[in-house]
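There are 2 protein chains.
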Amino acid sequence: MKIDPKSKADLSAQIAKAIRDAIISGDLIVDERLPSEAELADQFDVSRPTVREALKRLAAQSLIRTQRGAFGGAFVNRIAFEDAYGQQITTSTLLLSMNDVSFDVACEARFALERACAPISAMRRSADHLATMRAEIHRQSQPGLTDEAFCASDVAFHRALVDGAGNPVLSYQLAGAIEAIEPLMNMITFSARSREVIVSLHTEIADAIEARDTRRVDEALSELEAYSKKLAHEVASQRKDKTSTNT
Amino acid sequence: MKIDPKSKADLSAQIAKAIRDAIISGDLIVDERLPSEAELADQFDVSRPTVREALKRLAAQSLIRTQRGAFGGAFVNRIAFEDAYGQQITTSTLLLSMNDVSFDVACEARFALERACAPISAMRRSADHLATMRAEIHRQSQPGLTDEAFCASDVAFHRALVDGAGNPVLSYQLAGAIEAIEPLMNMITFSARSREVIVSLHTEIADAIEARDTRRVDEALSELEAYSKKLAHEVASQRKDKTSTNT
DNA sequence: AGACTTTTAAATGTCTGACAAATGAAATTA
DNA sequence: TAATTTCATTTGTCAGACATTTAAAAGTCT
């Protein structure tokens, strides 16, 4: 592992890249111990703080973990699906909030992905996932629920639907799409009437999943997508009216 | 922004979390300048190296960028879709390689997501994306192409299909799924016969996209998924035979 | 007055050296 | 043998210093 002395980039970034490449290429395998910070400093011919900054970069990506003490050090970390979920959600959330992605675009992406899971979920759904979906539907029909709690339950419902496909790779990919849109959904104020519509569509989805009727699931999801967009547009136009009145 | 003195975690990790939370919650907005390292060190009552380690963690996630010189400093970074693509691909690749995800599971996820894009892509496809797909098909039918080059072209073809949906959020989500599976595909040796089958399916997909025939696209993708799995299984069983012969 | 050059202050990047704290192995003792 | 202590190693943190970069501000010339 070497670094390019001609590069303009920070030393710590170059060192992080060198180690990251070694991990990705398989030169460093899971649970393998990296040289100590002092040794790395020698190898790369930099000071220890510089090495440490590089290691912190890698730690932020869950590529390594560190342990203090004798026989401690930095170890190549096996990225768990849970770690990846978290990173995925953080990145997706910021991506949406910082790039003024329209609600429609985010919504389209989210439901397209979810419809991709639905047929698989309908085939494989376990009693467990079905029970979770029913429980969340029940919660959603409770009166007096705040909009935030309603949205959170909505997220839980859809994650159960996705997890029902029994494919961790799909669950990982979908986690970002579903969770990241929640802040956008939270901006919608759900009237009693709109909650009723959503709950009935959720019920339709759960019934169709239970009956393994992929076509019905697909239709219900499409309806839910259309209804979500409609609600968002109503909120947007109301806000617009208010603004123009104030001006 | 405060840190918990009782926490056992590293100071730099706590500080990174505090700043990250401030960014996610919107307390720090895009392009806003953070206090200088010296000021942050004062505020959090730690030394400058510790602050720097925290900032490097955030930089690794593309949450901030730094600039040297007077009036430089750390700024909240607008995460671009390209940055997110890269992170997504790195994480997905490692996730697959480190958690012995089976080819079938990865393949199922990838094609499920791609089928989700296909109808939208069929509706919106531009001449540009269609041309890219045709060009990659042409490259794939050149004899003498290495397996790696064939796979790379395969990735380019499928990315064009996904990008054709004109939804950057979808493209971002799919980037990981499509690119991360490439190393697994690279392990397959493509015979002339199998390349022929794949090229014909790609042609079928391109034709169907051009004709805006969503059903045909879906069917062709399903066939391609089945064929990919079949090829992978053949490779796996051959390898198994070889191993048992050696033993 | 305007355009160009020089100075300067502020900030990050890097290094050195030091000490604290944790941790498991080895040596010691009951 | 089992429990305890010692010890070396390694990360975590700190203080202070210097190098480098950068853009604003001051100065200079036409």
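As they're listed, the protein sequences go chains A and U.
For the first sequence, this note's numbering gives the first residue as 1, with consecutive numbering after it.
For the second sequence, this note's numbering gives the first residue as 1, with consecutive numbering after it.
Beta carbons: idealized from backbone N, C-alpha and C, even for Gly.
Bear in mind the structure is a predicted one, so any value in this text is a computation, not a measurement.
Please confirm whether residue i and residue j have their CB atoms less than 9 Å apart.
i	j	result
Gly26 (chain A)	Ser97 (chain U)	yes
Glu53 (chain A)	Arg52 (chain U)	yes
Asp154 (chain U)	Met185 (chain U)	yes
Cys117 (chain A)	Ile181 (chain A)	no
Arg195 (chain A)	Ser237 (chain A)	no
Phe81 (chain A)	Ser171 (chain A)	yes
Arg280 (chain U)	Gln67 (chain U)	Residue coverage of chain U in this structure runs from 1 to 247, which leaves residue 280 (chain U) outside it and unanswerable.
Val105 (chain U)	Asn167 (chain A)	yes
Thr91 (chain U)	Ala22 (chain A)	no
Pro119 (chain U)	Thr189 (chain U)	no
Asp218 (chain U)	Arg115 (chain U)	yes
Val101 (chain A)	Val169 (chain U)	yes
Pro143 (chain A)	Pro49 (chain U)	no
Arg43 (chain A)	Gln87 (chain U)	According to the sequence displayed, residue 43 (chain A) carries Gln and not Arg. Cβ distance not < 9 Å, so Gln43 (chain A) and Gln87 (chain U) don't count as in contact.
So for residue i, helix, strand or coil by DSSP?
i	result
Gly73 (chain U)	strand
Thr189 (chain U)	coil
Ser12 (chain A)	helix
Thr90 (chain A)	helix
Gln173 (chain U)	helix
Thr247 (chain A)	At Thr247 (chain A), the pLDDT of 42 sits below 50, so the modelled position is not reliable; the number obtained from the coordinates is stated separately. The answer is coil: DSSP assigns Thr247 (chain A) none of H, G, I, E or B.
Gln250 (chain A)	Nothing in the structure corresponds to residue 250 (chain A), since chain A is present only between 1 and 247.
Gln43 (chain U)	helix
Ile209 (chain A)	helix
Arg215 (chain A)	helix
Gln67 (chain U)	strand
Arg125 (chain U)	coil
Arg159 (chain U)	helix
Arg33 (chain A)	strand
Arg78 (chain A)	coil
Val101 (chain A)	coil
Gln181 (chain A)	According to the sequence as given, residue 181 (chain A) is Ile; it is not Gln. The answer is coil: DSSP assigns Ile181 (chain A) none of H, G, I, E or B.
Leu28 (chain A)	coil
Ser194 (chain U)	helix
Ala165 (chain U)	coil
Gln238 (chain U)	helix
Nearest to residue i by alpha carbon, out of the options?
i	options	result
Ile15 (chain A)	U:Ala9, U:Ile205, U:Lys56	U:Lys56
Arg159 (chain A)	A:Ala206, A:Ser191, A:Phe190, A:Met187	A:Ala206
Ser228 (chain A)	A:Leu11, A:Asp128, A:Met187	A:Met187
Asp45 (chain U)	U:Val197, U:Gly69, U:Leu11, U:Ser7	U:Leu11
Leu130 (chain U)	U:Gly164, U:Ala18, U:Gly69	U:Gly164
Asp31 (chain A)	A:Gln43, A:Ser191, A:Leu63, A:Arg216	A:Leu63
Asp128 (chain A)	A:Phe103, A:Phe157, A:Ser47	A:Phe157
Ser191 (chain U)	U:Arg216, U:Val235, U:Pro183	U:Val235
Pro334 (chain A)	A:Ala13, A:Arg216, A:Phe103	Shown here, chain A extends from 1 to 247; a query on residue 334 (chain A) therefore has no answer.
To the nearest angstrom, how far is the alpha carbon of residue i from that of residue j?
i	j	result
Thr247 (chain U)	Leu161 (chain U)	Only weak support exists for where Thr247 (chain U) lies, its pLDDT of 42 falling under 50; the coordinates are left without a value.
Arg78 (chain U)	Leu58 (chain U)	13 Å
Ala220 (chain U)	Phe150 (chain U)	19 Å
Leu113 (chain U)	Ile29 (chain A)	30 Å
Glu210 (chain U)	Ser121 (chain U)	10 Å
Ala208 (chain A)	Leu174 (chain U)	27 Å
Arg139 (chain A)	Ala152 (chain A)	10 Å
Ile24 (chain U)	Asp147 (chain U)	43 Å
Ile89 (chain U)	Glu179 (chain U)	6 Å
Arg212 (chain A)	Lys230 (chain A)	28 Å
His233 (chain U)	Ala9 (chain U)	46 Å
Leu145 (chain U)	Ala13 (chain A)	35 Å
Arg33 (chain U)	Ala109 (chain A)	32 Å
Lys17 (chain U)	Val197 (chain A)	39 Å
Gly69 (chain U)	Ser7 (chain A)	19 Å
Ala41 (chain A)	Ser47 (chain A)	5 Å
Arg216 (chain A)	Arg216 (chain U)	21 Å
Meets three-Cβ-pair contact criterion under 8 Å: the segment 119–134 of chain U and the segment 84–95 of chain U
Cβ pair count under 8 Å is below three, so no.
Indicate whether the contact test is met: 3 or more Cβ pairs, each with one atom in the segment 28–38 of chain A and one in the segment 67–74 of chain A, closer than 8 Å.
A contact exists between the segment 28–38 of chain A and the segment 67–74 of chain A.
Closer than 8 Å is the cut-off here; do at least three beta carbon pairs connect the segment 221–229 of chain U with the segment 191–205 of chain U?
The segment 221–229 of chain U is in contact with the segment 191–205 of chain U.
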